[in-house]
Structures are given as structure tokens and as C-alpha cells.
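Chemist:
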Amino acid sequence: METVEMNSVSLKRPRSEDDVANADEIKRQKILEKSQAGNNSGQDIETVTEQPEDTKNEIIPNEESEEQEEEELEDSDEDGDPESFADMMKHGLTESDVGITKFVSSHKGFSGILKERYSDFVVHEIGKDGRVSHLDDFSVPLDDEDPSEETFTVLSDDDKQRLEELQLFKNKETSVAIEVIEDTKEKRTVIHQAVKSLFPGLETKTEDRDGKKYIIAYHAAGKKALANPRKHSWPKSRGSYCHFVLYKENKDTMDAINVLSKFLRVKPNIFSYMGTKDKRAITVQEIAVLRITAQRLAHLNKCLMNFKLGNFSYKNHPLKLGELQGNHFTVVLRNITGTDDQIEQAMHSLREIGFINYYGMQRFGTTAVPTYQIGRAILQNNWNEVMDLILKPRPGAEKGYLVKCREEWAKTKDPAAALKKLPVKRCVEGQLLRGLLKFGMKNIISAFGIIPRNNRLMYIHSYQSYVWNNMVSKRIEEYGLRAVPGDLILKGATAVHIEEGDVDNYTIHDVVMPLPGFDVIYPKHKIGEAYKEMLVADNLDINNMRHKIRDYSLSGAYRKIIIRPQNVNWEVVAYDDPKIPLFTTDLDKLEGKPLPVLPADGKFRALKMEFSLPPSTYATMAIREVLKMDTSIKNQTQLNTTWLR
Numbered sequence: 170m171e172t173v174e175m176n177s178v179s180l181k182r183p184r185s186e187d188d189v190a191n192a193d194e195i196k197r198q199k200i201l202e203k204s205q206a207g208n209n210s211g212q213d214i215e216t217v218t219e220q221p222e223d224t225k226n227e228i229i230p231n232e233e234s235e236e237q238e239e240e241e242l243e244d245s246d247e248d249g250d251p252e253s254f255a256d257m258m259k260h261g262l263t264e265s266d267v268g269i270t271k272f273v274s275s276h277k278g279f280s281g282i283l284k285e286r287y288s289d290f291v292v293h294e295i296g297k298d299g300r301v302s303h304l305d306d307f308s309v310p311l312d313d314e315d316p317s318e319e320t321f322t323v324l325s326d327d328d329k330q331r332l333e334e335l336q337l338f339k340n341k342e343t344s345v346a347i348e349v350i351e352d353t354k355e356k357r358t359v360i361h362q363a364v365k366s367l368f369p370g371l372e373t374k375t376e377d378r379d380g381k382k383y384i385i386a387y388h389a390a391g392k393k394a395l396a397n398p399r400k401h402s403w404p405k406s407r408g409s410y411c412h413f414v415l416y417k418e419n420k421d422t423m424d425a426i427n428v429l430s431k432f433l434r435v436k437p438n439i440f441s442y443m444g445t446k447d448k449r450a451i452t453v454q455e456i457a458v459l460r461i462t463a464q465r466l467a468h469l470n471k472c473l474m475n476f477k478l479g480n481f482s483y484k485n486h487p488l489k490l491g492e493l494q495g496n497h498f499t500v501v502l503r504n505i506t507g508t509d510d511q512i513e514q515a516m517h518s519l520r521e522i523g524f525i526n527y528y529g530m531q532r533f534g535t536t537a538v539p540t541y542q543i544g545r546a547i548l549q550n551n552w553n554e555v556m557d558l559i560l561k562p563r564p565g566a567e568k569g570y571l572v573k574c575r576e577e578w579a580k581t582k583d584p585a586a587a588l589k590k591l592p593v594k595r596c597v598e599g600q601l602l603r604g605l606l607k608f609g610m611k612n613i614i615s616a617f618g619i620i621p622r623n624n625r626l627m628y629i630h631s632y633q634s635y636v637w638n639n640m641v642s643k644r645i646e647e648y649g650l651r652a653v654p655g656d657l658i659l660k661g662a663t664a665v666h667i668e669e670g671d672v673d674n675y676t677i678h679d680v681v682m683p684l685p686g687f688d689v690i691y692p693k694h695k696i697g698e699a700y701k702e703m704l705v706a707d708n709l710d711i712n713n714m715r716h717k718i719r720d721y722s723l724s725g726a727y728r729k730i731i732i733r734p735q736n737v738n739w740e741v742v743a744y745d746d747p748k749i750p751l752f753t754t755d756l757d758k759l760e761g762k763p764l765p766v767l768p769a770d771g772k773f774r775a776l777k778m779e780f781s782l783p784p785s786t787y788a789t790m791a792i793r794e795v796l797k798m799d800t801s802i803k804n805q806t807q808l809n810t811t812w813l814r
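Numbered according to the working numbering, the sequence shown terminates at residue 814, and the numbering increases by one at each position without gaps.
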């Protein structure tokens, strides 16, 4: 993910960190201390060449009533009071727990507030052609084949309800009859069009019954019809995919697509996209959908909250994960304490040197059981440990139903009993319990397989990221910010070692380090040995990263250790009202909302900054380098427990 998974957080500089290290941290420190200190001098890293983690759009829709109930439960439990949230985070992770320990710049850090308002963090996707996605046009392409506007209003709410139940096989009816009031050929045509366009998979015919005309809707091709939009109704001259720009607030990409598919009454898997965007931001990205007209999509703007769709066009291809060049970020840090000199030094360093390309905190989860621990257990083939880590009670405040579910599991080890305590079945815990119920306690592998593939792979990718962060911190500690013999650089897609005679031809911005796997090589200096030692301590063999279950075999990848952001710009502004926006969003511009006039000498100061990053890099790590602070929610809530309001 490229966006920041945080609420409004006061980013104060940490005073001291006296927490007792847990077993993982002690183990990690022992491994890292085996290599003796080497040279220290410095600079930074750049782009990423690993494969995108999401290999297919795997959204598993549930029954609508269950889905709505779960959404309400999740939303109602999302915001807690500051004390309970701080209590939960006491048992969360800090940056040092996941290997994030180094900085590259020499300036003094300062405080600021990130995401005091939603519009303080905006992400615009950058397509493979280098074009930044913007929502700036609501118009619909002209098309003689499009149905009239009356198509969207001719059916009553009762008609729509019955048609939807028929379409989704929710009742035993094989057809729905709609009486044609004010019978004319034109009126019948509009009803035919409305049913076929709004309810893919249904066919229609006209019948006379007792002297009255009825439109009869029925299934054309069984249950497969819903998954395969009607091919014969789509004009050959029009591209099969409608591409559009999605502007969203407070929804991640998967949730947004599930909402769109529900309103359009289609399966989520007909949508495609280049990258997923996190929830807590305003994000703008391109989406493609198979055989849904721009007219139907534009109609959603009238009924959806926190979404806007625009910039419609028809093309002959879908979008593919990983095709994007990156993302452009616009970030406001409010109530900053740094002097003008500190800010200038920090931003110049970000532009000229960059930041360490660590995997950010959201990669590792927010609870007392980090995702990398589950990933490690999967790689160890320790399935009882995988089950235990996901289901066992954990310290810290948690949603009430999860606490009850975990307590029931610890007491009975009965999947059915634990599942009864869990109204939200879509969570990982619910999916695993359903799997155990289906396959039994002696077949945990199959039970775990019920969890969507991307979610399962997230755990092992988290472990790879944990190793990578720790090794990069050790690499910078040992050799500083310069290329040294034995480092790795990429020539095309192939990694090669830097030889002694060539070292002056490279900088730290050329250096990559591997995520562990069976298809990578390792540095030919102390850090290569440190990789092996870290995996040995975790009961893993670095020379045998193939798993007996193919999905969990790690091929590995290479990742640059320093990223130098592009298009870096910044400005310090003064303001009085913490609630006023400090820049305009795409939607503000479309709606003609002017930017408020800011005072020349306000009570507060804010740092407005923009920068572009390649895929799979974390904006939080860039912000961390500017402010010189720990970005973990645990650290911030310990410093300030009143920010969540």
C-alpha cells in the first residue's frame, strides 16, 4: 500500500523509549550484533523492482444483509475514546520492533500534526504513461446506443426490489411480471432497456394477461449470467471496458469496489485497477469495469456518499495490477514547531538525498500479534502456531466481539462456539473458524486456505519485509550511505555484485537489497551472513525457501534501499482555524469552492508538501525522515492520548 493508515496524529518527537524488548527484539539484536561495526558515511535509495503483491482481484462477496450488518458493526466500533485506543496501542509495535531504526539526514527533527483533516492527505495515482490521475470532468461520452435517462426512473422501488431478488436467486420465483401502465410501444421499450441494463443476466419479453400488457423478466442463462454481463447487448464499435477516475474518501479500494458492485448489481470481479489505495485519505485513481456504461456509472454520483466518478472513456483493455508508475502525494503537517531553517534543511535533504525505503508500520499490523509472526509460522510449516496466533486472546483493548470470540476459543477450542460469538464473519478470525468447522482441527492447512489468497500472502510478505527492514538498518549501520564492494545493483532485471574496481561508478541510490527467497542472491559482505543468521534464528533455511505448498514458496525480490522522491515542493503557511482546508481537492475545484484566505501572521504554522513516489514505497517513511520521529501509532498515543476525537 502506498497511502498512510493513520488517523489524525500528533507527531511529537519521542522523548525516550524504555520499553522492555520482547523475545523477537532480543533475538534480532543478538543477530545484528554479530557483525562488527564498519565504515560510516552517507546518502540514500530509490525505486522498487519487486512484483506487486496482489496477483488477482480476490473479493468474496457475502449475502447483502450480512454484509450490511457487518459494515454497521465495523463502522460503529471504529472510533473509540482516547483512553481505550491508547490502552490497545500499549501492546502495539514501535518502529524499532520491525527494524526501522536509522535516518539519513542530519537536520534536527520537529513536531507536527498529520491528518488533522481528511483533506490533509491526498493521493493521486500516476499511470504507466506518467500521467497523474485527476477528477476534472463529470461529462458522459456521447453514445447513440445509451438508454434514455427515463431508464433510471421508469421502474418503481418495488419493481427494483423484486428484480434484484430474481437476479440474485434470492427467492423461488422464476420470473417477475411488471405491468405496463400507460401502454405504448415507447414505454415498453424503456422498461425492456431498464431491466436489461440495470439487472445484468435478466432477459425480458412482452406478454398479454387479461387484456393488460406485462413485461416478463427471467433468467437467460442460469447463475452464470450474473458473472458474465450480456455480451450481445454491447455495441461492437464501443470498447468493452469503461475506464473512469474514482475519487474517494475514507474507503479503501476493495471496499469501494464492493460498494460500486452492490449499487450496479454486478460481481466485483468485473472491475480492475492498477493499485490499491488505503482507507484514511482522499485518493484519486483509475478504475476499469467490463461492459458497464458511463451513463450508469455517472448516475451513481447522485446516490453515493464519499465517492465521485468521472473522466469516463471506453477502451478495449482492462487495467492490470502493478502497471502504475507510482503515486503523487499532497500532505499537510499542521501546527509545526520547526524553525524555517530546520524545515528548509529537512525538505532539501528529502529532495536531494531521499529517505530509507523501509516498509512502513501498516505492513505489520496494529495489534499485539504482528503479521510477520504469523508469516514466519507459515514458512516454518507450524500450522498449530498459525492457528494459535490468529485466534488466541491478545493483550490490549480490542473490539468487544473479538475479545469474546478469542476467550471462547481459548476456553473450548470449539470453532462453532467461537464463531457464535463473532457477528462479523468476514474478518480473518471468522474465515479461519469457518474453515476449521468445515475441514476439522486436523486439517488446519485447508482451513487456513478459506482465507482469501491475498490475505494469506500478506503474512509471508510481512515476514519478508521484517527481515528486509532489519537488514537494511544493519547495512547502513555497517557501511553508511555509500556503495561498497559486495553490495548488489541491478543491471536490467538481474542483480549483480559491485566489484572492488567498479565501486566508484555507483552511489547508494543504485544499491538494492533482497527480500529473502529462492530466486535471489545476497550481498558478499557481512550483511549476506547476517541474512542467514537471522533466518537460522527463526528456524528457516535461507537456501531452501521453497514451501511444500506452492503459494507459500518465496521467490524473493530486490528493493532499493534509498528512495529519492520526485517533484518535491513545499511551502510554510500560517493559519488560525485548525479546521479550514489549506489546499483545494479535485472535488473542490469541480464544485468551484475557493481556498480560504489565510492570514499573513496566524496563530499556527503548517508545512504543505508534495512529492511523487514509486509503487510499494511508504509516504509515512518520507514524513518520518522530515520530522525525525517514530511513526507508529503506539508511540504517538503514548505521547499524546487526546488526539483521537
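No residue lacks a Cβ here, since even glycine has one placed at the ideal position from N, Cα and C.
Going by DSSP in three states, Ala769 sits in which element: helix, strand or coil?
Modeler: Here Ala769 sits in coil by DSSP.
Chemist: Can you give me the Cβ contacts of Lys374 inside the same chain, cut-off strictly under 6 angstroms, excluding the 5 residues immediately before and after it?
Modeler: Answer for Lys374: Ile385, listed in chain order.
Chemist: Run through DSSP, which three-state label would Ile667 get?
Modeler: In this structure, Ile667 counts as coil in the three-state DSSP scheme.
Chemist: List in chain order: all unbroken beta strand (DSSP E) runs of 3+ residues lying wholly within the region 409-462.
Modeler: With a minimum length of 3 residues, the continuous beta strand (DSSP E) runs that stay inside the region 409-462 are 410-418, 440-442 and 451-459.
Chemist: Using the Cβ count rule (16 or more neighbours within 10 Å means buried), how would you classify Phe279?
Modeler: Phe279 should be labelled buried.
Chemist: Just to check my reading of the structure: Val597 and Ile559 have Cβ atoms closer than 8 angstroms, yes? What is that Cβ distance to the nearest angstrom?
Modeler: Yes, they are in contact, since the Cβ atoms of Val597 and Ile559 sit about 6 angstroms apart, within 8 angstroms.
Chemist: Name the one or two DSSP bridge partners that Gln816 has.
Modeler: The requested residue 816 does not occur in the structure, where the chain is confined to residues 170 to 814.
Chemist: Here's a check: name, in chain order, each residue in its chain whose Cβ is nearer than 6 angstroms to the Cβ of Ser430, leaving out the five neighbours to either side.
Modeler: Cβ neighbours of Ser430 beyond the five flanking positions: Pro437.
Chemist: Within the continuous alpha helix (DSSP H) that includes Pro584, where are the two ends?
Modeler: First-last of the alpha helix (DSSP H) with Pro584: Pro584 to Lys589.
Chemist: Put Phe290 into one of helix, strand or coil per three-state DSSP.
Modeler: Strand.
Chemist: Distance check for Asp557 and Lys573, CA to CA, integer angstroms please.
Modeler: Looking at the two C-alpha atoms, the distance is approximately 15 angstroms.
Chemist: Once DSSP output is grouped into helix, strand and coil, what is the label at Ile384?
Modeler: Strand at Ile384.
Chemist: If distances are taken between C-alpha atoms only, which option among Phe780, Val292 and Leu367 comes closest to Arg465?
Modeler: Ranking the options by Cα distance to Arg465, first place goes to Leu367.
Chemist: Measuring straight from C-alpha to C-alpha, what distance separates Leu605 and Trp578?
Modeler: Each residue's Cα considered, the two are about 12 angstroms apart.
Chemist: Considering just the uninterrupted stretch of the beta strand (DSSP E) at Gly569, what are its terminal residues?
Modeler: Element bounds for Gly569: not the beta strand (DSSP E) but the alpha helix (DSSP H), Gly569 to Thr581.
Chemist: Quick one: measure Cβ to Cβ for Val301 and Thr499, integer angstroms, because I've assumed they're closer than 8 angstroms.
Modeler: That belief does not hold up - the Cβ atoms of Val301 and Thr499 are roughly 11 angstroms apart, past 8 angstroms.
Chemist: Would you please state the rounded distance, in angstroms, between the beta carbons of Arg286 and Pro584? I believe it to be under 8 angstroms.
Modeler: So it is not a contact: roughly 43 angstroms between Cβ atoms.
Chemist: Return the residue from the list Asp755, Val766 and Arg733 that minimises the CA-CA distance to Met790.
Modeler: It is Arg733 whose Cα lies nearest to the Cα of Met790.
Chemist: Alpha carbon to alpha carbon, how far is Asp770 from Pro404? Give it in angstroms, no decimals.
Modeler: Those two C-alpha atoms are separated by around 60 angstroms.
Chemist: Roughly how many angstroms lie between the CA atoms of Asp377 and Leu335, to the nearest whole one?
Modeler: Near 21 angstroms, if we compare the C-alpha coordinates of Leu335 and Asp377.
Chemist: Could you tell me whether the region 619-638 touches the region 715-727, using the rule of 3 or more Cβ pairs below 8 angstroms?
Modeler: Judged by Cβ distances under 8 angstroms, the region 619-638 makes contact with the region 715-727, as three or more pairs qualify.
Chemist: Check whether the Cβ atoms of Pro685 and Val636 lie closer than 8 angstroms to each other.
Modeler: Cβ atoms of Pro685 and Val636: closer than 8 angstroms.
Chemist: With three or more beta-carbon pairs closer than 8 angstroms as the criterion, would you say the region 500-515 touches the region 449-462?
Modeler: In short, these stretches do not touch, since the Cβ pair count stays below three.
Chemist: Suppose contacts are defined by Cβ-Cβ distances below 8 angstroms. Is Asn736 in contact with Phe780 by that definition?
Modeler: Cβ distance < 8 angstroms, so Asn736 and Phe780 count as in contact.
Chemist: Can you tell me whether DSSP reads Ser274 as helix, strand or coil?
Modeler: Coil at Ser274, not helix or strand.
Chemist: Going straight from the alpha carbon of Thr263 to that of Asp509, what length do you get?
Modeler: Each residue's Cα considered, the two are about 29 angstroms apart.
Chemist: Looking only at its chain, what residues have a beta carbon closer than 7 angstroms to the beta carbon of Asp352, apart from the 5 residues adjacent to it on each side?
Modeler: Taken in chain order, the residues that qualify are Lys382.
Chemist: Can you check whether the CB of His497 is closer than 8 angstroms to the CB of Ile295?
Modeler: Cβ atoms of Ile295 and His497: closer than 8 angstroms.
Chemist: Distance check for Arg644 and Leu283, CA to CA, integer angstroms please.
Modeler: Cα to Cα, the separation comes out at about 30 angstroms.
Chemist: Going by other Cβ atoms of all chains shown within 10 Å of its Cβ, with 16 needed for buried, is Leu764 buried or exposed?
Modeler: So Leu764 counts as exposed.
Chemist: My output table needs one value for Val364: the three-state DSSP class, helix, strand or coil.
Modeler: Helix, per DSSP.
Chemist: Taking its Cβ as the centre, do 16 or more other Cβ atoms sit within 10 Å of Asn639, making it buried, or is it exposed?
Modeler: Flag for Asn639 reads buried.
Chemist: Among Val414, Tyr442 and Ser406, which has the Cα closest to the Cα of Met423?
Modeler: Ranking the options by Cα distance to Met423, first place goes to Tyr442.
Chemist: In the DSSP assignment, the alpha helix (DSSP H) including Ile614 goes from what residue to what residue?
Modeler: Start and end: Ile613 to Phe617.
Chemist: Which whole-angstrom value describes the C-beta separation of Val689 and Gly725, a residue pair presumed to lie in contact below a C-beta threshold of 8 angstroms?
Modeler: So it is a contact: roughly 4 angstroms between Cβ atoms.
Chemist: From Tyr570 to Lys590, what distance separates their C-alpha atoms?
Modeler: So the alpha carbons of these two residues sit roughly 6 angstroms apart.
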